[in-house]
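This report refers to the structure that appears directly beneath it.
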Amino acid sequence: MSSPSTSAAEVVDVIGVGAGFSGLYLAHRLTTAGWTFAGFEAGPSVGGTWFWNTYPGARCDVESIYYSYSFDDALQQEWTWSERFAPQAEILSYINHVADRFDLRKYFTLNTRVVGATWNAADRLWEVRLDNGETRRSRYLISGAGGLSTPKDFDVPGLANFTGLQVSTSRWNIALDDLAGKRVAVIGTGSSGVQAIPLIAEVADELTVFQRTPNYVMPARNSELPPEQIQCIKDDYPAIREECRHSLGGIPERPVADKAFDVSDEERQRRYEEAYKRSGFNGVGAEFVDLLTDAEANRTASEFIHNKIREIVKDPATAELLVPKYHPMGAKRSCFGTDYYETFNRPNVSLVSLRDEPIETMTANAIVTSKGTYGVDAVVLAIGFDAFTGPLYGLNITGASGKKLQDAWHNGVRTYLGLMTADFPNFFMVGGPQSPALASNVVMTIEQAVDWIADLIEHARDSGATLVEATAEGQNDWVDITEETVAGTLYATTDSWYRGSNVEGKPNTFLGYVGGVGKYRRMCTEIAKRGYPGVEIDGEAQSRNLGPIHKEIS
Ligand code: NA7
């Protein structure tokens, strides 16, 4: 029986957390393979991140034709994206369409949050506690709780004093028009702030942007997708998807082999101009192979964008504040905006640099910095997420030795392939930390993770095994591999949510694997082929040898 409304006494094969891209594909893939599945979703609908992030301008920064499921050709043939970068509402309709098309809603209980899970070693089961007070039991527990789904604490000094309208981009619950005629403050200039700011500026009486770290904002160059282009893509979809699966970031790559200083200054400038017109993740940041590994090479691309900002923003002092001078381009996630810098030319928009004047407190109707008091009627928080670990720690999982996940990872995240973690048997993470999820087309990464997990538990089932766990050695290997991989890049030099540095007290571990989704996939496939080194199945482990496998795989 596969309905989630099964009784507490019944043991379901798999409990899945979340009904976003991960949870839905888990439900589809596992039930197709004959597993019983019960999914729990805290929200009132499917959609996950795309259900909650409804702020004005919210859209994906990966192109819609790639940011979608590839597991079913009929699905990709029948769905038609309207824009190059899909807006939130269209992605949410797509997710709803998938839920209906594959009849997946029946596997999920909505409005129900998983608040705890404890490993029962005697019965080899997870006992999963729900916020309605009930407990459910399952052989396997798989998190599809997302990477950017737990908003960061609202750590703005004095926020509790503010009595005006307060809203966060990650839990947007007002109409844009509610900001009309108001003095609005936006705090935060990551992707969410960058997308929302131009639209808020259009309705607000005054908009003051409180910026801590200026970011690189490329013009998104969003547009409607012409029918001929859609047809071309649909005709070629299987090949395009295959290319994505073996790419660096889960989108087709431009074949670039040369380094920034292999070409003359003029040629480099010309290439950056072309790339700037193209935009997207194959834009300026991907124009030369060494832009994320060589600081001097990166400087050429960074300065190109700096100069664009100075050209666009008319007030030189504002332009200088917007110039991202604290980190190399791409070392923290670049943003794609529409009229972002142009917005600062509007007479009703001003910029406050929190590096020069930090917020000291807030009053009932003002933000007080070290240099002045800014009267505001509404505050929009666009301050980001407790990425990757936040959603997992919220599950309050207790492993075999009685330790909670947050204690096991007290000094930093430790996973095997970003999919499993030692001492937490039969527990898996889809799109977890130390997987390629952080810096890739996450839908592609999710599909690969779900398929690999499904194959592993089917392999265990075929041999009559009921216990699957990452070994400490396999996990140590994977942590070393992720750290060595990132150490050769500029990601290692920059504070960002990629490293957990946006959350006070969070240990500094890089939360992704940046060796490429293609290499990662080939490595995972090879691991499966070799009988799962790094995994103990019913107490039996293959010798590990992950390091050599990683080196062997190109
Ligand atoms: P981000 O990218 O984490 O951006 C958050 C922004 O908020 C960033 O500019 C932060 O500055 C700023 N911030 C965070 N906390 C504060 C406080 N306390 N005071 C002032 N400013 C603050 O989150 P987003 O939601 O925009 O985007 C997340 C991802 O979603 C994005 O990367 C895409 O993958 C989609 P900081 O840079 O930390 O100095």
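Read in the working numbering, the sequence shown has 1377 at position 58, and its numbers run on one by one without any break. Glycine included, every Cβ here is placed at the ideal spot set by N, Cα and C.
Who are residue 1685's beta bridge partners in DSSP?
One-based indexing of the sequence shown puts residue 1685 at position 366. 1682, 1694.
How long is the line joining the alpha carbons of residue 1486 and residue 1436, rounded to whole angstroms?
For this step, residue 1486 is matched to residue 167 along the sequence shown. For this step, residue 1436 is matched to residue 117 along the sequence shown. Their backbone Cα atoms lie some 32 Å apart in a straight line.
Helix, strand or coil: how does DSSP classify residue 1657 here?
Residue numbering aside, residue 1657 sits at position 338 when the sequence shown is read from its first letter. Three-state result, residue 1657: coil.
Residue 1483: which of 1411, 1865, 1686 sits nearest, CA to CA?
Position 164 of the sequence shown, counted from the first residue, corresponds to residue 1483. For the residues 1411, 1865, 1686, the minimum Cα distance to residue 1483 belongs to 1686.
With a cut-off of 8 Å on the beta carbons, I'd call residue 1744 and residue 1438 a contact; round off their distance for me.
Position 425 of the sequence shown holds residue 1744. Position 119 of the sequence shown holds residue 1438. That belief holds up - the Cβ atoms of residue 1744 and residue 1438 are roughly 6 Å apart, short of 8 Å.
By DSSP, does residue 1521 sit in helix, in strand, or in coil?
The residue labelled residue 1521 in the question sits at position 202 within the sequence shown. Of the three classes helix, strand and coil, the one that applies to residue 1521 here is helix, per DSSP.
Have a look at residue 1663 and residue 1354 and give me their C-alpha separation to the nearest angstrom.
As a first step, residue 1663 must be located in the sequence shown, where it is residue number 344. As a first step, residue 1354 must be located in the sequence shown, where it is residue number 35. Rounded to the nearest angstrom, the two C-alpha atoms are 54 Å apart.
Thinking residue 1600 and residue 1570 are a contact (beta carbons under 8 Å), I'd like their distance in whole angstroms, please.
As a working mapping, residue 1600 is identified with position 281 in the sequence shown. As a working mapping, residue 1570 is identified with position 251 in the sequence shown. Contact flag correct, Cβ pair sits at about 6 Å.
If you draw a straight line from the C-alpha of residue 1566 to the C-alpha of residue 1704, how long is it?
For the purposes of this step, residue 1566 is taken as the residue at position 247 of the sequence shown. For the purposes of this step, residue 1704 is taken as the residue at position 385 of the sequence shown. Those two C-alpha atoms are separated by around 27 Å.
Using 7 Å as the threshold, is the C-beta distance between residue 1505 and residue 1656 below it?
Start at 1 with the first residue of the sequence shown, and residue 1505 comes out as number 186. Start at 1 with the first residue of the sequence shown, and residue 1656 comes out as number 337. No, the pair does not count as a contact, with Cβ atoms beyond the cut-off.
At a cut-off of 6 Å, is residue 1670 close to the ligand MN when judged by its beta-carbon and the heavy atoms of the ligand?
The model depicted lacks the ligand MN and carries the ligand NA7 instead.
Please classify residue 1551 as buried or exposed, where buried requires at least 16 other C-beta atoms within 10 Å of its C-beta.
Along the sequence shown, one-based indexing puts residue 1551 at 232. Flag for residue 1551 reads exposed.
Specify the secondary structure class of residue 1723 as computed by DSSP and reduced to three states.
Walking along the sequence shown from the start, residue 1723 turns up at place 404. Here residue 1723 sits in strand by DSSP.
Could you please give me the residues that DSSP links to residue 1343 through a beta bridge?
Your numbering for residue 1343 matches position 24 in the sequence shown. Residue 1343 pairs with nothing; no bridge assigned.
Residue 1868 to residue 1842, Cα distance in whole Å?
Mapped onto the sequence shown, residue 1868 falls at position 549. Mapped onto the sequence shown, residue 1842 falls at position 523. Cα-Cα distance, rounded: 7 Å.
Might you give, ordered along the chain, the residues of its own chain that have their beta carbon closer than 6 Å to the beta carbon of residue 1348, omitting 5 neighbours on each side?
Along the sequence shown, one-based indexing puts residue 1348 at 29. Hits under 6 Å: 1769, 1773.
Tell me which residue opens and which closes the beta strand (DSSP E) that residue 1438 is part of.
Taking the first residue of the sequence shown as 1, we reach residue 1438 at position 119. Residues 1433–1439.
With a threshold of 6 Å on Cβ separation, who are the neighbours of residue 1696 within its own chain once the five nearest residues in sequence on each side are excluded?
Taking the sequence shown and counting its residues from 1, the one referred to as residue 1696 is at position 377. So the qualifying residues of the chain are 1483, 1501, 1502.
Under three-state DSSP, which class holds residue 1766?
Position 447 of the sequence shown, counting from 1, holds the residue named residue 1766. Assigned with DSSP and collapsed to three states, residue 1766 falls in helix.
Using three-state DSSP, classify residue 1396 as helix, strand or coil.
Against the sequence shown, residue 1396 aligns to sequence position 77. In this structure, residue 1396 counts as helix in the three-state DSSP scheme.
What I want to know is whether the C-beta of residue 1410 ends up closer than 6 Å to one or more non-hydrogen atoms of the ligand NA7.
On the sequence shown, residue 1410 is found 91 positions in, with the first residue counted as 1. With a cut-off of 6 Å, the C-beta of residue 1410 is classified as distant from the ligand NA7, since no heavy atom of the ligand falls inside that distance.
By a C-beta neighbour count over all protein chains shown, 10 Å radius and 16 as the cutoff for buried, is residue 1587 buried or exposed?
Numbered from its first residue, the sequence shown carries residue 1587 at position 268. It counts as buried.
Am I right that residue 1431 and residue 1449 are in contact with their C-beta atoms under 8 Å? What's the rounded C-beta distance?
For the purposes of this step, residue 1431 is taken as the residue at position 112 of the sequence shown. For the purposes of this step, residue 1449 is taken as the residue at position 130 of the sequence shown. Correct: roughly 5 Å between the Cβ atoms.
Apart from the five residues on each side of it in sequence, which residues of its chain come closer than 7 Å, Cβ to Cβ, to residue 1320?
Locating residue 1320 in the sequence shown gives position 1, counting from the first residue. Caution is warranted here: a pLDDT of 37 is assigned to residue 1320, below 50, making its placement in the model unreliable, and the coordinate value is therefore given only provisionally. So the qualifying residues of the chain are 1355.
Provide the residue span of the alpha helix (DSSP H) that contains residue 1711, from first to last.
Mapped onto the sequence shown, residue 1711 falls at position 392. Residue 1711 -> alpha helix (DSSP H) spans 1708–1712.
Which runs of the beta strand (DSSP E) fall wholly inside the segment 1515–1568 and span at least 3 residues, in chain order?
1525–1530, 1536–1538
Mapping DSSP to helix, strand and coil, what is residue 1485?
Translated into positions along the sequence shown, residue 1485 becomes position 166. DSSP places residue 1485 in strand when its eight states are reduced to three.
Residue range of the beta strand (DSSP E) that residue 1748 falls in?
Working through the sequence shown from its first residue, we reach residue 1748 at position 429. Where residue 1748 is concerned, the enclosing beta strand (DSSP E) stretches over 1746–1748.
Quick check: the Cα distance between residue 1511 and residue 1381, rounded to an integer number of angstroms?
Within the sequence shown, the letter at position 192 stands for residue 1511. Within the sequence shown, the letter at position 62 stands for residue 1381. The straight-line gap from Cα to Cα measures roughly 14 Å.
Nearest by alpha-carbon distance to residue 1719: which of 1779, 1755, 1694, 1789 is it?
Working through the sequence shown from its first residue, we reach residue 1719 at position 400. The candidate whose alpha carbon is nearest that of residue 1719 is 1789.
Buried or exposed: where does residue 1397 fall if 16 or more other Cβ atoms within 10 Å of its Cβ makes it buried?
Here residue 1397 refers to the residue found at position 78 of the sequence shown. With fewer than 16 Cβ atoms within 10 Å of its Cβ, residue 1397 is classed as exposed.
For residue 1660, which residues from the same chain have a beta carbon less than 7 Å from its beta carbon, with the 5 sequence-adjacent residues on both sides left out?
Reading the sequence shown from its first residue, position 341 is the one you call residue 1660. Once the five neighbours on either side are set aside, the close Cβ partners of residue 1660 are 1536, 1628, 1631, 1632, 1641.
Consult DSSP for residue 1371 and reduce its assignment to one of helix, strand or coil.
Taking the first residue of the sequence shown as position 1, residue 1371 is located at position 52. For residue 1371, the three-state secondary structure derived from DSSP is helix.
From residue 1333 to residue 1459, what distance separates their C-alpha atoms?
In the sequence shown, the residue the question calls residue 1333 occupies position 14. In the sequence shown, the residue the question calls residue 1459 occupies position 140. Going from the Cα of residue 1333 to the Cα of residue 1459 covers about 5 Å.
Indicate whether residue 1866 and residue 1796 have their beta-carbon atoms separated by less than 7 Å.
The sequence position of residue 1866 within the sequence shown is 547, counting from 1. The sequence position of residue 1796 within the sequence shown is 477, counting from 1. Yes. Within cutoff.
Cβ of residue 1641 versus every heavy atom of the ligand NA7: is any distance shorter than 6 Å?
Taking the sequence shown and counting its residues from 1, the one referred to as residue 1641 is at position 322. Flag unset: Cβ of residue 1641 not near the ligand NA7.
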